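For reference, the structure discussed in these notes is given below.
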Amino acid sequence: MEEVLVETRPVGRLAPSPTGALHLGNVRTFMIAWLSARSRGGRVIMRMEDLDHPKDRPGAAEGAVEDLRWLGFDWDEEYVQSRRKAFYRDALETLKSKGLVYPCVCSRRDVESAQSAPHAGEQLHYPGTCRGRFSSWAEALAFCGRPPCWRFRVEKGGRVGFEDVFAGRYEQNVAEKLGDFPLARDEGGAGYTLAAVVDDAAMGVTEVVRGDDLLAATPAQILVQRALGLPTPRYCHVPLVVGPDGRRLAKRHGDTRIARYRESGARPGAILGMLAASCGWAAPGEEVSLADLLPRFSLAAIPHSPFVAGTL
Ligand code: GLU
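Here numbering that gives the first Met the number 0 is used: the first residue of the sequence shown is 0, the next is one more, and so on.
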């Protein structure tokens with residue numbers, strides 16, 4: 000029988016965190032993610048990552064959806080993480096039954112004071128204080144009187160590597176870089192890593208296109224995928240948009256919120272055109288729709304340096 004090789008249709012995702020309004024930086028990454036999937040006939044998932052309660056802003060989730068629709072984005076399925084906690088709890092149970100997580104009673108201050116070097120803005124390294132300290136969750140709870148968090152047990156010595164389709168080969172020694180990283184604030188309080196891993200698999204995501212600020216977070220996600228017997232999607236980390244000072248685009252660089260452009264009468268095609276030009280897919284000043292960009296999509300055309308928003 001003749002073998003027919005059919006490329007399975009990719010499944011990509013847009014995963015906004017409703018911690019603030021959508022701005023040019025978010026949209027450039029979403030544009031690349033959407034085009035990557037759609038240009039190959041793939042499907043797109045919209046997943047609202049609203050588990051970060053202290054930082055989530057009321058109305059930001061609805062605002063992001065409205066802005067994306069105004070720009071012409073569409074998607075095939077929509078999910079909200081805060082309604083999916085039962086799935087994360089189940090995954091945590093699985094990891095517990097395999098002995099791959101343990102309860103930890105250390106406070107943030109305990110972990111901070113154990114750092115050998117300052118880690119400004121970086122995830123802290125956990126020295127393993129509670130590894131093997133308690134025989135059960137109940138014992139840990141009795142010890143400190145508040146619910147312990149759950150940490151993933153990272154094997155010593157192992158390097159985790161993967162081929163990023165944009166950034167290239169990336170390797171990290173997770174034990175040295177992070178140590179046993181946290182997965183859940185408490186039994187029901189899954190954090191970003193656990194939720195993203197569970198959801199990418201549950202939603203059939205085959206490719207993750209996101210900002211390269213998350214490159215260093217990927218090896219930990221791969222370890223959790225392996226521990227749960229889940230597949231590793233194709234990763235594509237693209238450069239962030241930065242301000243003229245080279246720092247990640249933020250309020251200090253002026254108002255680059257999509258809502259502000261919309262309110263001031265800008266056309267979606269002009270915004271997409273600016274961002275497409277920064278990816279090498281449009282001429283400066285050209286207005287384009289997402290549909291126009293489908294045949295022009297090329298990862299190879301995107302510059303590897305961060306895009307400076309001041310040049311828009
Ligand atoms: N919600 C994350 C963010 O907005 C993205 C996470 C991901 O793409 O895995 O930074």
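Positions of the beta carbon are idealized from the N, C-alpha and C atoms, including for glycine. The structure displayed is predicted, hence computed values, not measured ones.
Residue burial annotation: Gln80 is buried, with at least 16 other C-beta atoms found within 10 angstroms of its C-beta. Taken in chain order, the unbroken stretches of beta strand (DSSP E) that lie wholly in the region 205-293 and span 3 residues or more are 206-210 and 233-237.
Per the coordinates, the alpha-carbon of Leu123 lies some 31 angstroms from the alpha-carbon of Asp254. Taking every protein chain shown into account, the CB of Gly40 has fewer than 16 other CB atoms within 10 angstroms, so this residue is exposed. As summarised for the region 124-168, the continuous beta strand (DSSP E) elements at least 3 residues long and confined to that stretch are 148-151 and 158-163, given in chain order. Chain order is used for the residues whose beta-carbon lies nearer than 5 angstroms to a heavy atom of the ligand GLU, namely Ala14, Ser16, Glu48, Ala195 and Arg209. Nearest in C-alpha terms to Gly24, of all of Ala281, Leu298, Ser277 and Phe296, is Ser277. In the structure shown, Gly62 adopts helical secondary structure according to DSSP, grouped into three states.
The C-beta distance from Phe306 to Ser38 rounds to 20 angstroms, too long to fall under 8 angstroms, and the pair is not in contact.
Here the alpha carbons of Ala195 and Gln224 stand approximately 10 angstroms from one another. For His303, DSSP records no beta bridge to any residue. Within its own chain, the residues whose Cβ lies closer than 7 angstroms to the Cβ of Asp199, once the five positions on either side in sequence are excluded, are Val207 and Pro232, listed in chain order.
In this structure, the alpha-carbon of Pro267 lies about 14 angstroms from that of Ala63.
Here DSSP, grouped into helix, strand and coil, assigns Val10 to strand. Of the candidates Thr18, Arg82 and Glu61, Thr18 places its Cα closest to the Cα of Pro53. C-alpha of Met30 to C-alpha of Leu50: approximately 24 angstroms in a straight line. Cα atoms of Leu298 and Trp69: separation of roughly 24 angstroms, rounded to the nearest angstrom.
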